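Data first, discussion second: the structure below is written as structure tokens.
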Ligand SMILES: Cc1ncc(COP(=O)(O)O)c(C=O)c1O
């Protein structure tokens, strides 16, 4: 179980040695700065950005089709957005329901805020759908927050609107909120459904430009919340920072204006790698998977093997990395990211195949 005030997964992700075929990444290959069009002479180091650099607030509001008053800009990506949203919503000892498996820092933040964390399942056997009955059973009159990812990290499964509405109703009935981390919805590009906040004020959404576009370095995150909560979060953020990095905010505004071009690059990477992954799955009877053709990650099960040892062997002999499922409380799984250069992905997948063959001999 997570020990709190730290995240085992983030520590692994930040301290692992570089590897030639990196199939562990969940965000599209970093965009080179030369692919971003801007005139450096038009950028300013300083400027008015108290409570949000206005052009960025407006660009994000247009991007996700909400009103500017519902947007809180966050210069620490979805990570800080999750922290701020949870800190605004949770009091010491509140019950918080978090999907299982999930992205490890979501658990860590809730524990760090001294919440009483309970879980609801998203089982492989159910195609990682949310078990609404199981979720409902976990709800108490102390439940203040329900937390989920959409697309789901690690499986990339989309939560359908009907399920979201029902979760919203459950929360509404007890005066709780639903935090939906939508960072991977950005990887659906023009097909992304509207943000969950469009379903009602009980929803709070977090996201960033990190995953879908290869723009992690901009740290451009946001929270979408009803106007009153958005204001509360902005005031909470006063404790964490006097102002944001306006240089990055200006670059973010330019990046958002260029999203069609940036998305085309991301789609090409994802589509090519997804075809390669499909070939791999067709040839393997020892890899069990929930069919899915969206998102940046895939979360198959490798039954009957020691997955941790296999992942170490895959790095040591085949210079290929995937994420061991133990970081997602699913020790028989691995998370495969479709985010690296297609020729590297193809080679990494064929090495993964060779490693599995070798293991079975
Ligand atoms: C569900 C989820 N939320 C947030 C993040 C962090 O995103 P960011 O880079 O925007 O801080 C990640 C990164 O893996 C993630 O998987």
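Numbering (my numbering), first residue to last: 1153 to 1513. Where is the CB? At the ideal position from N, CA and C, for every residue including glycine. Values in this document were obtained by computation on a predicted structure and should not be read as measured data.
| query | result |
| --- | --- |
| Straight-line CA distance for residue 1195 to residue 1484? | 49 Å |
| Below 8 Å, can you find three or more Cβ-Cβ pairs linking the segment 1498–1509 to the segment 1432–1443? | yes |
| From which residue to which residue does the beta strand (DSSP E) around residue 1355 run? | 1355–1360 |
| Check residue 1365 in the structure and name its three-state DSSP category. | helix |
| For the candidate residues 1289, 1332 and 1277, whose alpha-carbon lies nearest to that of residue 1298? | 1332 |
| Quick one: using the 10 Å Cβ neighbour count with 16 as the cut-off for buried, is residue 1392 buried or exposed? | exposed |
| So, are the CB atoms of residue 1224 and residue 1398 less than 8 Å apart? | no |
| Candidates 1254, 1411 and 1291: which alpha carbon is nearest residue 1248's? | 1291 |
| To the nearest angstrom, report how far apart residue 1264 and residue 1157 are at their CA atoms. | 5 Å |
| At the level of alpha carbons, what is the spacing between residue 1285 and residue 1251? | 13 Å |
| Is there at least one non-hydrogen atom of ligand 1 closer than 7 Å to the beta-carbon of residue 1360? | yes |
| If you draw a straight line from the alpha carbon of residue 1296 to that of residue 1227, how long is it in whole angstroms? | 26 Å |
| Are three or more beta carbon pairs between the segment 1366–1385 and the segment 1228–1235 nearer than 8 Å? | yes |
| Looking at residue 1425 and ligand 1, is the gap between the Cβ and the nearest heavy atom below 7 Å? | no |
| Note down the Cα distance separating residue 1387 from residue 1236, rounded to an integer number of angstroms. | 10 Å |
| List the DSSP bridge partners of residue 1485. | 1453 |
| Would you say residue 1222 and residue 1378 are within 8 Å of each other, going by their C-beta atoms? | yes |
| Please indicate yes or no: does the CB of residue 1333 lie closer than 7 Å to some heavy atom of ligand 1? | yes |
| Less than 7 Å separating the Cβ of residue 1230 from some heavy atom of ligand 1? | yes |
| Could you give the DSSP three-state label for residue 1273: helix, strand or coil? | strand |
| May I ask you to check if the CB of residue 1393 is nearer than 7 Å to at least one heavy atom of ligand 1? | no |
| Counting only the same chain and skipping the five closest in sequence on each side, list residues whose C-beta sits under 6 Å from that of residue 1357. | 1332, 1334, 1347, 1348, 1349 and 1376 |
| Leaving out five residues on either side along the sequence, give the residues of the same chain with a beta carbon under 8 Å from the beta carbon of residue 1213. | 1219, 1220, 1222 and 1223 |
| Leaving out five residues on either side along the sequence, give the residues of the same chain with a beta carbon under 7 Å from the beta carbon of residue 1424. | 1494 |
| Can we say the segment 1472–1487 touches the segment 1171–1179, given the rule of at least three CB pairs closer than 8 Å? | yes |
| Drop a sphere of 10 angstroms on the beta-carbon of residue 1294, count the other beta-carbons inside from all chains shown, and report buried for 16 or more, exposed for fewer. | exposed |
| Provide the residue span of the beta strand (DSSP E) that contains residue 1375, from first to last. | 1373–1376 |
| CA-CA distance, residue 1330 and residue 1352? | 10 Å |
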